[in-house]
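Counting in this note's numbering, the sequence shown runs from 70 upward without gaps.
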Amino acid sequence: LSGTATRDHPEGFAPHYAVEEYADYKVAAPEADAEPGKWLVLAEEGTPGEAVAEALDARGAEVIIMTRDEVESGVEDMREDFADRISELMEDEDTPLTGVIYAWSLAQEPITTDTPAETVAQMVADDTRAIIALGSSFDELRHGDTLPRVVLLTRNGRSAPDGASMKVDGLT
70 LSGTATRDHP
80 EGFAPHYAVE
90 EYADYKVAAP
100 EADAEPGKWL
110 VLAEEGTPGE
120 AVAEALDARG
130 AEVIIMTRDE
140 VESGVEDMRE
150 DFADRISELM
160 EDEDTPLTGV
170 IYAWSLAQEP
180 ITTDTPAETV
190 AQMVADDTRA
200 IIALGSSFDE
210 LRHGDTLPRV
220 VLLTRNGRSA
230 PDGASMKVDG
240 LT
């Protein structure tokens with residue numbers, strides 16, 4: 070991806086986690102010396118997530134797309150579906166899994182001032198459930214010393230005002 074980006078390491082998490090916010094993003098042109106690897110892309114057909122998968126494929130990456138229809142909707146069942154697929158891809162000794170790109174949220178419609186609160190709540194709940202399930206699936210994935218990279222691509226995110234805390238159910 071390319072665009073205007075800001076990068077921040079949340080307190081207590083550096084250097085393992087970073088938050089990058091992109092504005093006016095676009096998929097960059099393939100680089101001749103890029104090492105593509107194998108990527109599991111969680112994306113829906115006809116969305117910017119699919120465009121990311123196509124760009125990785127153009128760079129020579131092996132891309133496996135997983136849609137929401139391929140996983141159960143409950144957190145525990147979803148976690149098992151993720152763990153099974155990721156474990157299978159990590160066990161491939163010829164081309165181990167490089168990373169997982171979460172792009173399901175890019176299939177959402179943009180939130181506007183006219184978007185009903187129930188719709189916003191459902192969008193947040195769907196993505197939160199999926200991201201928690203994805204993260205917890207890594208508890209069972211211990212193939213060697215490394216785990217694949219995880220990239221979360223989001224839509225409708227909002228930054229907290231400078232110095233403010235954005236508390237959600239007791240989390241900051």
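Think of the CB as a built atom: it goes at the ideal place given N, C-alpha and C, for glycine as much as any other residue.
Task: For LEU158, the three-state DSSP class (helix, strand or coil) - done: On the sequence shown, position 89 is the one that residue 158 refers to. Note: LEU158 maps to helix in three-state DSSP.
Task: Nearest-angstrom Cα separation, counted from THR188 out to SER108 - done: Sequence index remark: in the sequence shown, residue 108 carries index 39 (1-based). Sequence index remark: in the sequence shown, residue 188 carries index 119 (1-based). Ser is not the amino acid found at residue 108; the sequence shown has Trp there. Rounded to whole angstroms, TRP108 to THR188 spans 31 Å at the Cα level.
TODO: On a CA-only basis, which of VAL121, THR184, MET159, THR164 is nearest LEU222? Give me that one, please.
DONE: Within the sequence shown, numbered from 1, the residue matching residue 222 stands at position 153. The residue with the shortest Cα to Cα distance from LEU222 is VAL121.
- [ ] Would you please state the rounded distance, in angstroms, between the beta carbons of THR164 and GLU123? I believe it to be under 8 Å.
- [x] Indexing the sequence shown from 1 puts residue 164 at position 95. Indexing the sequence shown from 1 puts residue 123 at position 54. Actually they do not touch by this definition, with Cβ atoms about 19 Å apart.
Open item on the list: Closest to ALA199 by C-alpha separation, out of ARG148, LEU158, GLY168, would be which residue?
Closed with: Counting from one through the sequence shown, the residue named residue 199 turns up at place 130. When only C-alpha atoms are compared, the closest one is ARG148.
Task: Neighbourhood of GLU145 by C-beta, 6 Å cutoff - its chain only, sequence neighbours within 5 removed - done: As a position in the sequence shown, residue 145 is number 76, starting the count at 1. So no residue of the chain qualifies.
Task: Those residues which DSSP pairs with LEU210 across a bridge - done: Start at 1 with the first residue of the sequence shown, and residue 210 comes out as number 141. According to DSSP, which records beta bridges pairwise, LEU210 is partnered with nothing at all.
TODO: Leaving out five residues on either side along the sequence, give the residues of the same chain with a beta carbon under 6 Å from the beta carbon of ARG224.
DONE: Within the sequence shown, the letter at position 155 stands for residue 224. Within the same chain, ARG224 has close Cβ partners SER174, LEU175, GLN177.
- [ ] Go ahead and pull the three-state DSSP assignment for ILE180.
- [x] One-based indexing of the sequence shown puts residue 180 at position 111. Here ILE180 sits in coil by DSSP.
Open item on the list: Please identify the residue among ILE180, MET135, MET159 whose C-alpha is closest to the C-alpha of PHE207.
Closed with: Indexing the sequence shown from 1 puts residue 207 at position 138. Minimum Cα distance to PHE207 is reached at MET159.
- [ ] Return the residue from the list GLN191, ARG154, PRO117 that minimises the CA-CA distance to PRO217.
- [x] As a position in the sequence shown, residue 217 is number 148, starting the count at 1. PRO217 has its Cα closest to that of ARG154, out of GLN191, ARG154, PRO117.
Task: Selection from ALA152, VAL219, VAL169 that minimises the alpha carbon distance to GLU209 - done: Position 140 of the sequence shown, counting from 1, holds the residue named residue 209. Minimum Cα distance to GLU209 is reached at ALA152.
Open item on the list: Let me check understanding here. Comparing Cα to Cα, which of PRO117, GLY118, ALA112, GLU141 lies closest to MET135?
Closed with: The count along the sequence shown starts at 1 and reaches residue 135 at position 66. Of the candidates PRO117, GLY118, ALA112, GLU141, the one whose C-alpha sits nearest the C-alpha of MET135 is ALA112.
Task: Per-residue DSSP class, three states only, for ARG128 - done: The sequence position of residue 128 within the sequence shown is 59, counting from 1. Coil, per DSSP.
Open item on the list: If you reduce the DSSP assignment to three classes, tell me which class ARG224 lands in.
Closed with: For the purposes of this step, residue 224 is taken as residue 155 along the sequence shown, with counting starting at 1. In the structure shown, ARG224 sits in coil (DSSP, three-state: anything other than H, G, I, E or B).
Task: Proximal residues to GLY143 (C-beta, below 6 Å), its chain only, five neighbours per side dropped - done: In the sequence shown, counting from the first residue as 1, residue 143 sits at position 74. Around GLY143: no qualifying Cβ.
Task: Those residues which DSSP pairs with TRP108 across a bridge - done: As a first step, residue 108 must be located in the sequence shown, where it is residue number 39. Per DSSP, VAL132, GLY168.
Task: Contacting residues, own chain, Cβ-Cβ under 7 Å from ALA105 (five flanking each side not counted) - done: To locate residue 105, count along the sequence shown from 1; it is residue 36. Here the sequence assigns Pro to residue 105, which means Ala is not the residue at that position. Closer than 7 Å at Cβ, skipping near neighbours: LEU125, ARG128, GLY129, ALA130.
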